[in-house]
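Which chain is which? The protein sequence lines are A and B, in order.
Under the working numbering, the first residue of the first sequence is numbered 28, with each subsequent residue one higher.
Under the working numbering, the first residue of the second sequence is numbered 5, with each subsequent residue one higher.
Just below is one structure, and these are the notes that go with it.
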Amino acid sequence: MKPGNFQIGEPMPPAPPSANAAAFSPADLSARRAASRRLGWWLGAAVLAIYLLGLLIPR
Amino acid sequence: MNTATTTQPTPHDAGHYPGGLMRWLTTTNHKDIGTMYLTFSLIMFFVGGLMILAVRAELFQPGLQLMQPEFFNQLIGVHALVMIFAALMPAATGFANWMLPLMIGAPDMALPRLNNWGFWLLPPAAILLTLPFTLALFGIGDGAIATGWTFYAPLSVQGGMGVDFAILAVHILGISSIMGSINIIVTIFNMRAPGMTMMKLPLFAWGWLITAFLLIATLPVLAGAVTMLLTDRHFGTHFFDAAGGGDPILFQHLFWFFGHPEVYILLLPVWGLMPHVLATFSRKPTYGYKAQVYSFIAIGLLSVVVWAHHFFTAGLPVPALFYFMFSTMAISLPLAVLFFCWIATMWKGAMSFETPMLFAVVFIVLFGIAGLTGLILADVAADAQYHHSYFVVAHFHYALFAGGIMGVMTGVYYWLPKWTGHMYSEKLGKLHFWLTVISFNLTFMPQFFLGLAGMPRRIPDYALQFAEFNAMSTVGAFILGLSQLIFAWNIWCCVRGGPKVDGRVWEGAEGLEWELSSPPPHHSWETQPVIK
Ligand code: HEM
Ligand SMILES: [Cu+2]
């Protein structure tokens with residue numbers, strides 16, 4: 028197989044993933060989802076903060 | 005070519021998914037949601053297209069033939085809002101939903117329910133945008149927003165009910181995009197398969213990552229600006245009302261602080277997609293991966309500090325003019341790096357020209373025209389002549405139609421076999437390509453000359469000397485519009501059936517997404533791929 032086109036200088040996985048894959052364990056998956064929810068709330072809070080900056084403009 | 009595909013076990017598939025309408029209303033599957041985004045986008049593309057064909061029909065000849073100026077203005081504004089917020093942005097989000105999990109080795113997006121919400125906010129917003137047209141037919145209100153998509157005060161403070169509908173719609177569209185962006189950011193950060201470091205991330209994901217951060221930084225500003233507009237209209241504030249001590253130019257600052265990054269929001273997903281297509285059909289690795297990543301980041305950063313180039317003529321102080329002129333021109337440097345990488349990727353490749361590749365190559369040329377005419381507009385002295393002329397209209401259609409919509413078409417042809425498991429008709433694809441490219445240029449090239457000759461934008465009538473170029477443009481627009489029916493037909497047929505494709509689809513395709521079967525299993529990566 029030719030070198031992967033999305034990673035420079037490194038070859039693609041040599042075999043189909045099923046051959047060398049580890050299952051996404053439910054624990055791993057829920058940890059990733061929990062981290063995602065946390066970051067998601069922070070990003071949402073940033074959005075709200077930028078929006079509310081408008082209150083500082085004199086009207 | 006290696007065609008190994010992974011038909012993965014799908015134990016959850018055992019039939020407890022609701023069918024019919026409930027499947028689509030309640031789905032949290034990234035592929036279903038991606039399909040809904042893309043379908044919605046295609047429908048709204050035709051809605052926005054029909055509106056503007058009516059506009060072009062009116063402009064076919066000088067004089068007023070078909071409609072009143074008020075209605076003409078409403079069509080232009082809603083056309084733009086629909087194309088930007090309901091056609092181009094949802095198409096990019098549809099791509100992200102479909103492809104990001106496949107590309108990074110994730111079973112789904114990180115926050116699937118948020119994903120469902122994000123989509124289902126769109127149809128009500130689209131209805132809100134277009135409803136005032138219908139209401140006016142029954143004598144309620146005076147039609148849709150007539151300020152153009154830019155909502156400039158004081159016109160938007162004085163305008164009718166359509167402005168309120170548009171303000172509400174923009175809020176909802178903004179919330180939807182914020183939800184989508186949050187989901188994309190956390191998915192890219194947290195759901196990558198082991199070994200997929202940030203510097204191995206597919207460029208499509210990088211393009212979307214920067215897009216998502218731009219949306220998060222700028223959409224709240226747009227929302228703030230239109231909320232302030234709403235309070236000016238109904239709750240006695242005077243943010244933008246000079247008579248009450250407010251400042252109409254403040255609105256332009258706030259709007260374009262969002263509006264200019266919005267251009268890159270529309271284009272970065274396409275710039276992320278292009279290297280994949282160019283590499284596949286050149287059968288070579290992408291040239292300059294890191295250079296492209298750094299260019300994306302540089303463009304993202306620069307895009308939020310150049311906004312005032314949209315109102316050079318509004319009377320800014322001279323030092324500000326200089327600053328915004330040079331910072332705008334600076335964006336062409338990282339952009340030139342991207343152009344160089346695209347061309348270098350093709351250099352000495354074993355190229356073949358399937359429909360996606362045709363679109364990708366022509367994208368480089370036409371988007372190049374958009375970039376070069378943008379440089380002309382960025383020149384403060386020159387812009388005094390070109391501002392608010394048809395030159396601007398031509399420029400941003402080379403950017404948004406050729407750079408945006410034709411980029412989306414590239415992606416659709418490239419990925420459609422992956423999504424459906426069928427090959428589309430190359431013959432129809434090529435026909436669609438040639439008709440689109442020729443009629444696009446017939447529509448918009450004359451507008452450059454109209455603008456240079458002094459024809460202002462947003463007018464339903466014009467001086468006699470502009471007649472020939474306008475007639476050409478209208479003929480082009482109708483061919484362009486009709487050609488898109490071929491596109492829709494080709495997609496429809498491909499969804500329904502057609503020659504089967506294997507997982508890799510394209511001989512030169514590389515990347516995790518091509519390791520899965522076509523169409524991929526219900527849960528994309530049940531087992532986690534390991535990137536060596
Ligand atoms: C069949 C394809 C299209 C045709 C024939 C067309 C034509 C036009 C025309 C005639 C105008 C009004 C110009 C003026 O007098 O100011 C306009 C405005 C505009 N169009 Fe398109 N357009 C097309 C597709 C698109 C697409 C795909 C996008 C974006 C993704 C787009 C974005 C805009 C924007 C942003 C405006 C400015 C509206 C405003 O002044 O507020 N158009 N278009
Ligand atoms: Cu701009």
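Think of the CB as a built atom: it goes at the ideal place given N, C-alpha and C, for glycine as much as any other residue.
I need the DSSP call for residue i, collapsed to helix, strand or coil.
{"i": "T30(B)", "result": "helix"}
{"i": "H391(B)", "result": "coil"}
{"i": "L520(B)", "result": "strand"}
{"i": "Q451(B)", "result": "helix"}
{"i": "P85(A)", "result": "coil"}
{"i": "Q296(B)", "result": "helix"}
{"i": "T359(B)", "result": "helix"}
{"i": "T222(B)", "result": "helix"}
{"i": "T201(B)", "result": "coil"}
{"i": "D465(B)", "result": "coil"}
{"i": "R60(A)", "result": "helix"}
{"i": "P41(A)", "result": "Any reading at P41(A) is ruled out, since the residue's pLDDT is 40, under 50, leaving its predicted position unreliable."}
{"i": "Y402(B)", "result": "helix"}
{"i": "Q72(B)", "result": "coil"}
{"i": "K431(B)", "result": "helix"}
{"i": "H527(B)", "result": "coil"}
{"i": "E538(B)", "result": "Absent from the model: residue 538(B). The displayed extent of chain B is 5 to 536, so no value can be given."}
{"i": "Y327(B)", "result": "helix"}
{"i": "L254(B)", "result": "helix"}
{"i": "I335(B)", "result": "coil"}
{"i": "W153(B)", "result": "coil"}
{"i": "L75(A)", "result": "helix"}
Within its chain, find whatever has a CB closer than 8 angstroms to the CB of residue i; leave out the 5 residues flanking it on each side and keep chain order.
{"i": "N494(B)", "result": "Y428, S429, L432, G433 and H436"}
{"i": "Y3(B)", "result": "Lying outside 5 to 536, the shown extent of chain B, residue 3(B) is not represented and no answer is given."}
{"i": "N359(B)", "result": "Note that residue 359(B) is Thr in the sequence shown, not Asn. Cβ neighbours of T359(B) beyond the five flanking positions: Y417, Y428, E430, G433, K434, H436 and F437."}
{"i": "G81(B)", "result": "A148, I149, A150, T151, G152, W153 and A170"}
{"i": "L320(B)", "result": "A312 and F328"}
{"i": "V367(B)", "result": "Here residue 367(B) turns out to be Phe, not Val, going by the sequence shown. V274, M278, A406, G407, M410, G411 and T414, listed in sequence order."}
{"i": "A48(A)", "result": "Any reading at A48(A) must be qualified, since the residue scores a pLDDT of 44, below 50, and its modelled position is unreliable; the value itself is stated next. Within the same chain, A48(A) has no close Cβ partners at all."}
Tell me, please, which residues DSSP counts as bridged to residue i.
{"i": "K504(B)", "result": "H426(B)"}
{"i": "A148(B)", "result": "G166(B)"}
{"i": "P460(B)", "result": "S393(B)"}
Give the residues of chain A in contact with residue i, contact being defined as C-beta atoms less than 7 angstroms apart.
{"i": "F193(B)", "result": "L66"}
{"i": "T32(B)", "result": "Result: empty, since nearest Cβ-Cβ is about 12 angstroms, beyond 7 angstroms."}
{"i": "T440(B)", "result": "Per Cβ cutoff of 7 angstroms: no residues; T440(B) is ~26 angstroms from chain A at best."}
{"i": "V190(B)", "result": "S63, L66 and G67"}
{"i": "Q256(B)", "result": "Those do not exist, as Q256(B) stays about 14 angstroms from chain A at its closest Cβ, beyond 7 angstroms."}
{"i": "I37(B)", "result": "By Cβ distance, chain A contributes nothing, its closest Cβ being about 16 angstroms from I37(B), past 7 angstroms."}
{"i": "I220(B)", "result": "L70, A73 and V74"}
Whose Cβ in chain A lies nearer than 9 angstroms to the Cβ of residue i?
{"i": "P111(B)", "result": "F51 and L56"}
{"i": "T231(B)", "result": "Y78 and G81"}
Leaving out five residues before and five after residue i in sequence, what residues of the same chain have Cβ atoms less than 7 angstroms from its Cβ?
{"i": "N194(B)", "result": "A114"}
{"i": "L66(A)", "result": "none"}
{"i": "K504(B)", "result": "G425 and H426"}
{"i": "M333(B)", "result": "L379 and A382"}
{"i": "T349(B)", "result": "P279, L282, A283, S286, K288, T290 and Y291"}
{"i": "T478(B)", "result": "R60, A61, L63 and F64"}
{"i": "L468(B)", "result": "P66"}
{"i": "S336(B)", "result": "G375 and L379"}
Residue i touches chain B at which residues, Cβ-Cβ below 8 angstroms?
{"i": "A72(A)", "result": "Going along chain B, no residue has its Cβ under 8 angstroms from A72(A), so there is no contact; the nearest lies around 11 angstroms."}
Please list, in chain order, all residues of the same chain as residue i whose beta carbon is under 6 angstroms from its beta carbon, the five residues on each side excluded.
{"i": "G407(B)", "result": "L271, F371 and A374"}
{"i": "L70(A)", "result": "none"}
{"i": "V297(B)", "result": "W210"}
{"i": "D146(B)", "result": "G164"}
For a contact meaning CB atoms closer than 8 angstroms, what does residue i contact in chain A?
{"i": "A227(B)", "result": "Y78"}
{"i": "V297(B)", "result": "The premise fails here: V297(B) is roughly 10 angstroms from chain A at the closest Cβ pair, so nothing lies under 8 angstroms."}
{"i": "L115(B)", "result": "R60, S63, R64 and G67"}
- Message: Within 8 angstroms, do at least three Cβ pairs link the stretch 176-191 of chain B to the stretch 216-225 of chain B?
- Response: At 8 angstroms Cβ cutoff, the stretches touch.
- Message: Using 8 angstroms as the cut-off, can you tell me whether the stretch 224-236 of chain B makes contact with the stretch 160-174 of chain B, which would need three or more C-beta pairs spanning the two stretches below that distance?
- Response: yes
- Determine, using beta-carbon pairs with one atom in the stretch 61-75 of chain B and one in the stretch 85-100 of chain B, whether at least three such pairs fall under 8 angstroms. no
- Query: Are at least three pairs of beta-carbons, each pair with one atom in the stretch 115-130 of chain B and one in the stretch 32-47 of chain B, less than 8 angstroms apart?
  - Reply: A contact is defined here as three or more CB-CB pairs under 8 angstroms, and the stretch 115-130 of chain B meets this definition with respect to the stretch 32-47 of chain B.
- Query: Do the stretch 307-315 of chain B and the stretch 250-270 of chain B meet, that is, are 3 or more Cβ pairs less than 8 angstroms apart?
  - Reply: Three or more beta-carbon pairs separated by less than 8 angstroms link the stretch 307-315 of chain B to the stretch 250-270 of chain B, which places the two stretches in contact.
- Around ligand 3, what residues have a beta-carbon under 6 angstroms from a heavy atom of it, in chain order? Looking at this structure, you won't find ligand 3 anywhere; what it does contain is ligand 1 and ligand 2.
- Do the stretch 77-92 of chain B and the stretch 76-83 of chain A meet, that is, are 3 or more Cβ pairs less than 8 angstroms apart? no
- Are three or more beta carbon pairs between the stretch 523-530 of chain B and the stretch 467-487 of chain B nearer than 8 angstroms? Short answer: they don't touch.
- Inter-stretch contact at 8 angstroms, needing at least 3 Cβ pairs: the stretch 271-287 of chain B / the stretch 203-213 of chain B: yes
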